[in-house]
Each structure stands twice: as structure tokens, then as C-alpha cells.
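As they're listed, the protein sequences go chains R and D.
Heads up, the final residue of the first sequence is numbered 295 in numbering that gives the first Met the number 0, and it's a clean run with no missing numbers.
Heads up, the final residue of the second sequence is numbered 285 in numbering that gives the first Met the number 0, and it's a clean run with no missing numbers.
Idealized CB from N, CA, C, for every residue including glycine.
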Amino acid sequence: MAALAGRRGADIGKLSTILLFLPPALLLFTLFVVLPVGEAAWYSGFNWNGFGSPTNWIGLDNYRFVFDNRAFGTAFKNNLLIIVVSLVIQLPLALSLAIILADRFRGAVVLRMVFFLPYILAEIATGLIFSFVYDGDYGLLAAIYKSFGAQAPHLLASPQTAFAAILVVVVWKYFGFHMMLFIAALQSLDRSMLEAARIDGASRWQSLRYVVIPALSPTIRLSAFFAIVGSLQLFDLVMPLTRGGPSDSSHTMVSFLYTFGITRMRVGFGSAVGVILFLICVVFAFTYKRWIMRDE
Amino acid sequence: MSEPATSAPFSDDGFSPAAISKALYLLAVVLFVTTPLIATVLGGFKSLGELRTNPFGLPSVWEWSNYTDILLSRRYWQLLGNSFVIATLTVVLTLIAAAMAAFVFAHLHFFGRDMLLNYLTMGLLFPAATAILPMFIKVRDLGLLDSYLGVVLPQVAFALAMSILLLRRFFKDLPTELLEAALVDGCSYPKFFRYVTLPLSRPILATVGTITFVHSWNSYLIPLVMLNSDSLYPWPLGIMVYQGEYSTEWHLILAFITLTILPTVLLFLVAQKHIVAGLTAGAVKG
Numbered sequence: 000m001a002a003l004a005g006r007r008g009a010d011i012g013k014l015s016t017i018l019l020f021l022p023p024a025l026l027l028f029t030l031f032v033v034l035p036v037g038e039a040a041w042y043s044g045f046n047w048n049g050f051g052s053p054t055n056w057i058g059l060d061n062y063r064f065v066f067d068n069r070a071f072g073t074a075f076k077n078n079l080l081i082i083v084v085s086l087v088i089q090l091p092l093a094l095s096l097a098i099i100l101a102d103r104f105r106g107a108v109v110l111r112m113v114f115f116l117p118y119i120l121a122e123i124a125t126g127l128i129f130s131f132v133y134d135g136d137y138g139l140l141a142a143i144y145k146s147f148g149a150q151a152p153h154l155l156a157s158p159q160t161a162f163a164a165i166l167v168v169v170v171w172k173y174f175g176f177h178m179m180l181f182i183a184a185l186q187s188l189d190r191s192m193l194e195a196a197r198i199d200g201a202s203r204w205q206s207l208r209y210v211v212i213p214a215l216s217p218t219i220r221l222s223a224f225f226a227i228v229g230s231l232q233l234f235d236l237v238m239p240l241t242r243g244g245p246s247d248s249s250h251t252m253v254s255f256l257y258t259f260g261i262t263r264m265r266v267g268f269g270s271a272v273g274v275i276l277f278l279i280c281v282v283f284a285f286t287y288k289r290w291i292m293r294d295e
Numbered sequence: 000m001s002e003p004a005t006s007a008p009f010s011d012d013g014f015s016p017a018a019i020s021k022a023l024y025l026l027a028v029v030l031f032v033t034t035p036l037i038a039t040v041l042g043g044f045k046s047l048g049e050l051r052t053n054p055f056g057l058p059s060v061w062e063w064s065n066y067t068d069i070l071l072s073r074r075y076w077q078l079l080g081n082s083f084v085i086a087t088l089t090v091v092l093t094l095i096a097a098a099m100a101a102f103v104f105a106h107l108h109f110f111g112r113d114m115l116l117n118y119l120t121m122g123l124l125f126p127a128a129t130a131i132l133p134m135f136i137k138v139r140d141l142g143l144l145d146s147y148l149g150v151v152l153p154q155v156a157f158a159l160a161m162s163i164l165l166l167r168r169f170f171k172d173l174p175t176e177l178l179e180a181a182l183v184d185g186c187s188y189p190k191f192f193r194y195v196t197l198p199l200s201r202p203i204l205a206t207v208g209t210i211t212f213v214h215s216w217n218s219y220l221i222p223l224v225m226l227n228s229d230s231l232y233p234w235p236l237g238i239m240v241y242q243g244e245y246s247t248e249w250h251l252i253l254a255f256i257t258l259t260i261l262p263t264v265l266l267f268l269v270a271q272k273h274i275v276a277g278l279t280a281g282a283v284k285g
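So this is what it looks like as C-alpha cells:
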């Protein structure tokens with residue numbers, strides 16, 4: 000009997016702990032994350048300025064307006080460009096630096112920190128620093144051009160070059176994070192494999208190519224995952240550099256949402272963009288986890 | 000143990016061509032990373048005229064007043080103060096809500112637990128921007144628009160998923176004998192949480208707290224949407240306003256940028272272990 004009572008006491012204790020400990024997180028998360036996502040889907044069916052209640056139901060028209068908007072197409076293309084640059088330039092840069100800096104030599108730790116520093120700076124500050132770098136009158140790039148006697152370009156003021164200039168900043172800001180991921184993975188690598196390769200007479204390049212890189216493959220896939228997810232949320236960097244201009248050439252999907260949905264309080268239209276972005280993120284995350292990271 | 004010997008496959012000694020090209024490669028990246036930063040700090044010490052002719056070098060005359068004027072202004076401290084209040088509230092609420100939830104997910108078995116955990120970690124899959132308009136309307140309807148809490152609560156909600164995962168993993172690794180012994184002795188779960196779990200978890204709480212702080216300190220979109228009054232602006236919003244006012248007076252803008260990123264850099268120097276561990280470990284678990 001005593002044992003039974005004790006057990007029941009424990010069950011009550013367990014239940015009351017659950018009822019006490021879970022609600023704060025559940026409530027906040029439901030109220031500010033889950034409900035808004037559901038509401039975005041609902042609002043996206045209305046033509047609504049956010050005041051009063053939504054009454055002007057227009058079905059899927061908002062989605063048609065989004066897809067018909069040329070600036071959205073450009074923004075989508077720009078997001079893809081960030082992904083391409085992240086995979087083709089940033090990832091190899093981060094990986095090669097990690098391979099060099101995972102070794103212990105004097106200065107390696109300091110270099111790691113220097114390369115990681117841009118990652119923790121605010122996007123807004125980074126964007127402003129580079130709008131100085133690119134400034135056609137006062138900027139660093141302008142000074143280099145002038146020292147060769149050439150006319151300095153206004154990179155951020157031309158639709159042809161504005162987004163390319165942003166891509167450089169993306170690499171500057173984020174490669175250090177990916178480098179750190181690779182360094183962490185390299186340091187937990189089984190050193191005996193390398194030793195074995197060396198004893199078997201493998202050159203440094205061969206052991207890199209056939210031992211290290213394959214062993215890093217899960218981390219490479221993870222790094223690519225973060226680069227893609229990060230690309231889909233890029234916003235803060237765009238604002239201080241170009242605000243999406245000139246002539247809407249340098250928007251990302253989020254800066255498009257901000258400019259065309261939020262600043263004009265077109266709740267339905269903005270929500271439709273949000274839902275599209277949400278679907279892209281979720282479908283991507285599930286497919287990637289299922290097909291590309293399925294070994295883990 | 001024998002690090003130096005086993006790391007031999009990648010290390011070159013002396014001045015082999017491989018070592019030299021490696022050094023040049025590192026030097027190029029160092030220049031790429033540091034030049035904009037150094038030019039920003041130095042630019043803040045120049046006059047506008049000198050910035051135009053000499054953006055790279057040391058200033059010929061050090062204009063300390065660019066910096067001291069900002070440091071003595073109310074505006075600068077108000078911006079940092081707002082950011083500090085918002086970030087601190089975000090950290091405290093995130094740690095409380097996430098630690099309590101993580102404790103339940105780490106130690107208690109009940110029907111639907113995994114489903115609830117999956118539900119809470121859904122937040123990792125998409126950015127806050129996807130639902131920012133309905134979030135704005137929700138905050139407005141709750142009467143929290145243009146207040147610290149209107150920024151803090153959504154930020155906490157989005158910080159929860161990662162925080163719960165990191166904390167839960169740490170709590171699970173604490174020795175379970177402790178909990179069993181405590182329960183036999185009649186200690187309740189909340190007491191165990193308060194007097195055993197939390198004190199033992201200081202390292203992970205520091206890590207989660209630090210990365211939550213950095214994220215909130217740097218955040219832009221949520222405060223931009225939720226705040227109207229200049230007097231409540233955190234520094235990323237304030238510096239954009241400042242840049243709008245001083246548009247081409249780059250020497251002042253550069254000094255302002257330097258002074259606003261200074262706290263981040265100092266925090267990084269003090270807590271780099273927590274920051275690197277938190278951001279990369281958090282990533283790996285994501």
C-alpha cells in the first residue's frame with residue numbers, strides 16, 4: 000500500500016511538474032510563431048490593409064500578384080545566386096582555411112578568431128561598413144581606382160553590379176562560421192586514419208583527397224544546409240547597402256516582403272510572400288534531411 | 000596525446016614552396032577580412048577631407064572629437080541602453096522558459112512527449128520573416144506595439160527551439176543516479192531542477208545565454224517592425240537613422256559604427272569560448 004501511495008504521489012508530482020514547466024515555452028511559441036504562420040496563410044486570401052478585420056476575400060489572387068511581380072522573380076533569382084556563391088566560393092574557402100588552421104602552429108588560434116569575427120558583427124554594421132568600402136567618392140575601392148588614375152565605379156548604384164557587390168559581403172561575413180564548423184569536425188577526426196595513410200606512402204594531397212574530405216562529408220553537407228537556409232533569410236545586409244535597389248535589382252525574398260508587404264501595409268500580399276517563403280524553407284529542410292543527410 | 004607527430008601530414012616546416020604559398024593565401028584572406036574593419040576604425044579619426052584623399056593610411060591629424068562627441072552624446076548611450084535592456088530581457092526569459100521545458104523533455108516520460116518536442120523545434124525550420132506581418136498584428140492587438148516587450152516576446156519565441164535542444168542534451172548527460180536518489184529522498188522535481196540541475200548547468204546556460212544575447216543585440220527586422228519611437232530604438236535601428244541624417248559625412252558615420260560594434264567585439268574577446276561553442280554546436284544539432 001505504502002509503495003502504491005508513493006508511486007501515486009510521484010505521478011502527481013510528475014504531472015504537476017509538467018503542467019508547471021511546459022506552458023511558458025508552449026504558450027510563447029504557439030502565440031508568436033505557430034499562430035502567425037497559420038494566420039499568414041489565412042490573411043493571404045484577403046486584400047487587407049491590416050485595420051479592422053479582413054473582409055475582402057480575393058482567393059489566390061495575392062499569389063498571382065506575387066508571381067507576376069518582376070521584382071519577386073529577381074529576388075528569387077538573387078536568393079539562388081547567394082546559394083551558388085556560398086557553395087562554389089564560400090564553402091571551398093572555408094574548407095581550405097579550416098584544413099590549414101586545424102593544425103597547431105603559432106598564430107593559428109588568432110587567425111581563426113580573426114576570420115570568425117565578421118560572423119558575430121551585426122549585419123547592419125557590416126552593411127554600413129561595406130557601403131563605405133563601395134562608396135564612389137570616399138570609399139576604399141574608389142581610392143584604389145583613383146590610384147590607378149581610373150574613374151571609380153558606383154557599384155551599389157548600378158543594377159548590373161549592386162547584387163554582385165552584396166555577394167562579396169555575404170562571403171566576407173559568413174565564411175568564418177563555416178570554417179569553424181570544419182575545424183570542429185577536423186579536430187574530432189580519427190587521427191589514426193591519417194597516420195595509416197601516411198605510413199602507406201600517401202602524399203599530403205592524396206590523404207586530403209581520399210581520407211580527410213570523405214571523412215568531412217557530413218560536415219560539408221551540413222555547411223551547405225546552413226548556407227542555403229541562411230540565404231533564404233538574408234535581409235539585414237541588404238538594407239544598409241541598397242535597400243533592394245536600384246530599380247529593385249538587389250532584393251532578396253525577405254527584403255521584397257519587407258518593401259512591398261510591410262512598409263505599404265499590404266497584409267494579404269506580404270502574407271502570401273511569407274507563405275511562399277515558408278513553404279520553400281520547410282520543403283527544402285525536409286527534402287534535404289531525407290535525401291542528402293539521410294546517413295546521420 | 001601525440002598531436003605534433005600525428006598532425007604531420009599537414010604541416011610543413013621551413014620555407015618549402017608549399018609553406019610559402021600557404022602563408023600568402025592566409026595573408027590574402029587576413030587582408031580581405033581586416034582591411035574594411037581597420038579602415039573603419041581609422042576613418043573615424045579623420046576629417047572628411049582627409050578621408051577622401053587618404054582612406055587607407057593613418058590619419059595625419061587624429062580627430063579625437065569625432066569619437067568623444069559621440070561618447071558624450073545622450074543618443075549613443077540611449078541606443079546601447081535600449082539594446083541592452085531588450086537583449087537582457089530576451090536572455091532571461093529564454094533561459095527560464097527553455098530550461099524548464101528542456102528539463103521536462105530530458106527527465107520525464109509521458110504520452111506525446113516526442114510530439115511536443117518536435118512541435119517546439121519546428122521553429123528551426125523557417126525564419127521569423129515568414130510570419131512577420133501576422134506577428135505584427137498579434138503584437139498590436141496585445142497592445143505591445145512600440146514597447147520593449149513587443150520586441151522581446153517574439154525574439155524569445157524564436158530563440159526557444161535551439162535553446163531547448165542545447166539544454167536538453169546537456170541535462171540528459173547529467174548523471175541520472177542523482178535524480179533517482181533525490182526522488183527517493185522525497186525531493187520534488189521543481190526542487191531538484193532549482194537546486195541541482197541549474198547549478199550544475201552553468202556552462203551550458205552561459206553558452207545559450209551568450210548566443211541569445213548576441214542574436215538579440217544584433218537583431219534588426221523584429222525591432223524595425225515593432226517599434227516606432229526613436230527613444231526605444233536599439234542601436235541597429237538607431238545607426239540607420241544616424242546614417243540617414245549624416246548621409247555623406249562618412250568620418251562621423253565610421254566613428255559611430257566603430258563605437259556601436261565595440262561592445263560586440265569586447266563581448267567576443269571575453270566570451271569567445273561560449274560564442275564559438277554555442278554557435279557551432281548549436282548549428283551541428285540543428
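Open item on the list: In the DSSP output, what is R:F45 paired with across the bridge?
Closed with: One-based indexing of the first sequence puts residue 45 of chain R at position 46. Its beta-bridge partners are R:W56.
TODO: Note down, in chain order, each residue of its chain lying with its Cβ closer than 7 angstroms to the Cβ of D:V195, except the 5 sequence neighbours on either side.
DONE: Here residue 195 of chain D corresponds to residue number 196 of the second sequence, with the count starting at 1. Closer than 7 angstroms at Cβ, skipping near neighbours: L177, A181.
Task: Bounding residues of the alpha helix (DSSP H) (the contiguous stretch that carries D:R73) - done: Working through the second sequence from its first residue, we reach residue 73 of chain D at position 74. 73-106 is the extent of the alpha helix (DSSP H) around D:R73.
Open item on the list: Rounding to the nearest angstrom, what Cα-Cα distance links D:Y66 and D:A254 in this structure?
Closed with: Position 67 of the second sequence, counted from the first residue, corresponds to residue 66 of chain D. Position 255 of the second sequence, counted from the first residue, corresponds to residue 254 of chain D. Taking the straight line from one Cα to the other gives about 6 angstroms.
Open item on the list: Starting from R:S254, trace the alpha helix (DSSP H) in both directions and tell me its first and last residue.
Closed with: The sequence position of residue 254 of chain R within the first sequence is 255, counting from 1. Per DSSP, the continuous alpha helix (DSSP H) segment holding R:S254 begins and ends at 252-255.
Task: Below-8 angstroms beta-carbon distance, R:L154 vs any chain D residue - done: Position 155 of the first sequence holds residue 154 of chain R. It does not; no Cβ of chain D falls within 8 angstroms.
Open item on the list: Quick check: what's the CA-CA separation for R:L127 versus R:L240?
Closed with: Numbered from its first residue, the first sequence carries residue 127 of chain R at position 128. Numbered from its first residue, the first sequence carries residue 240 of chain R at position 241. Roughly 7 angstroms between the two C-alpha positions.
Task: Whole-angstrom distance between D:P233 and D:I131, CA atom to CA atom - done: Mapped onto the second sequence, residue 131 of chain D falls at position 132. Mapped onto the second sequence, residue 233 of chain D falls at position 234. About 18 angstroms.
TODO: Compile a chain-ordered list of the residues in the stretch 117-144 of chain D whose CB is closer than 9 angstroms to at least one CB of chain R.
DONE: Y118, L119, M121, G122, L123, L124, F125, P126, A127, A128, T129, A130, I131, L132, P133, M134, F135, I136, K137, V138, R139, L141
Open item on the list: Please give the ranges of any alpha helix (DSSP H) in the stretch 146-209 of chain D, keeping only runs that are unbroken, at least 4 residues long and fully inside the region.
Closed with: 147-172, 175-183, 188-191
Task: Partner residues on chain R for D:I95, Cβ-Cβ distance less than 8 angstroms - done: The residue you call residue 95 of chain D lines up with position 96 of the second sequence. Near D:I95 (Cβ distances below 8 angstroms), the residues of chain R are P23.
Task: Inter-residue spacing [alpha-carbon to alpha-carbon] between R:F66 and R:A271 - done: If you number the first sequence from 1, residue 66 of chain R lands on position 67. If you number the first sequence from 1, residue 271 of chain R lands on position 272. Whole-angstrom Cα-Cα distance: 10 angstroms.
TODO: Please name the residue, chosen from D:A128, D:L47, D:Y188, that lies closest to R:F20 on a Cα-to-Cα basis.
DONE: Here residue 20 of chain R refers to the residue found at position 21 of the first sequence. Among D:A128, D:L47, D:Y188, the Cα nearest to that of R:F20 is on D:Y188.
- [ ] Could you tell me the distance, in whole angstroms, from the CA atom of R:N48 to the CA atom of R:R208?
- [x] Walking along the first sequence from the start, residue 48 of chain R turns up at place 49. Walking along the first sequence from the start, residue 208 of chain R turns up at place 209. The alpha-carbon atoms of R:N48 and R:R208 are separated by roughly 57 angstroms.
Task: Alpha-carbon to alpha-carbon, D:L152 and D:W63 - done: Start at 1 with the first residue of the second sequence, and residue 63 of chain D comes out as number 64. Start at 1 with the first residue of the second sequence, and residue 152 of chain D comes out as number 153. D:W63 and D:L152: Cα-Cα distance of roughly 40 angstroms.
Task: R:G175 versus D:L26: straight-line alpha-carbon distance, rounded - done: Working through the first sequence from its first residue, we reach residue 175 of chain R at position 176. Working through the second sequence from its first residue, we reach residue 26 of chain D at position 27. R:G175 and D:L26: Cα-Cα distance of roughly 15 angstroms.
Open item on the list: Which residue wins for smallest C-alpha separation from D:I203, given the options D:V275, D:I19, D:S230?
Closed with: Working through the second sequence from its first residue, we reach residue 203 of chain D at position 204. Cα-wise, what sits closest to D:I203 is D:V275.
Open item on the list: Three or more C-beta pairs under 8 angstroms: does that hold for the stretch 119-138 of chain D against the stretch 236-249 of chain D?
Closed with: No: the two stretches stay apart, fewer than three of their Cβ pairs being nearer than 8 angstroms.
Task: Extent of the continuous alpha helix (DSSP H) run through D:G48 - done: Locating residue 48 of chain D in the second sequence gives position 49, where the first residue counts as 1. Where D:G48 is concerned, the enclosing alpha helix (DSSP H) stretches over 47-52.
TODO: Express the C-alpha separation of R:I17 and R:L3 in angstroms, rounding to a whole number.
DONE: Walking along the first sequence from the start, residue 3 of chain R turns up at place 4. Walking along the first sequence from the start, residue 17 of chain R turns up at place 18. The pLDDT assigned to R:L3 is 49, lower than 50, so where the model puts this residue is not dependable; a value taken from the coordinates is nonetheless given after this. Approximately 21 angstroms between the Cα atoms of the pair.
Task: chain R contact residues for D:I252, given Cβ-Cβ distances below 8 angstroms - done: Position 253 of the second sequence holds residue 252 of chain D. The contact set of D:I252 on chain R, defined by CB atoms closer than 8 angstroms, consists of L127, F131 in chain order.
Open item on the list: Using C-beta distances below 8 angstroms, list every residue in its chain close to D:M200, excluding the 5 sequence neighbours before and after it, in chain order.
Closed with: Against the second sequence, residue 200 of chain D aligns to sequence position 201. Inspection of the sequence shows that residue 200 of chain D is occupied by Ser rather than by Met. Close CB contacts of D:S200 within its chain, under the 8 angstroms cut and outside five residues either way in sequence, are with A98, L166, F169, F170, L173 (chain order).
- [ ] Consult DSSP for R:M238 and reduce its assignment to one of helix, strand or coil.
- [x] The count along the first sequence starts at 1 and reaches residue 238 of chain R at position 239. Residue state, collapsed to three classes: helix.
Open item on the list: Once the 5 residues before and after D:P16 are set aside, which same chain residues still bring their CB inside 6 angstroms of it?
Closed with: Indexing the second sequence from 1 puts residue 16 of chain D at position 17. Contacts found: none.
Task: For D:F55 and D:W61, the rounded distance between their alpha carbons - done: Locating residue 61 of chain D in the second sequence gives position 62, where the first residue counts as 1. Locating residue 55 of chain D in the second sequence gives position 56, where the first residue counts as 1. Going by the C-alpha atoms only, they are around 14 angstroms apart.
Task: C-alpha gap between R:F45 and R:P53, whole angstroms - done: In the first sequence, counting from the first residue as 1, residue 45 of chain R sits at position 46. In the first sequence, counting from the first residue as 1, residue 53 of chain R sits at position 54. Taking the straight line joining both Cα atoms gives about 6 angstroms.
Open item on the list: As an exercise, report each continuous alpha helix (DSSP H) stretch of at least 4 residues that is fully enclosed by the stretch 96-157 of chain R, in chain order.
Closed with: 107-119, 122-132, 139-146
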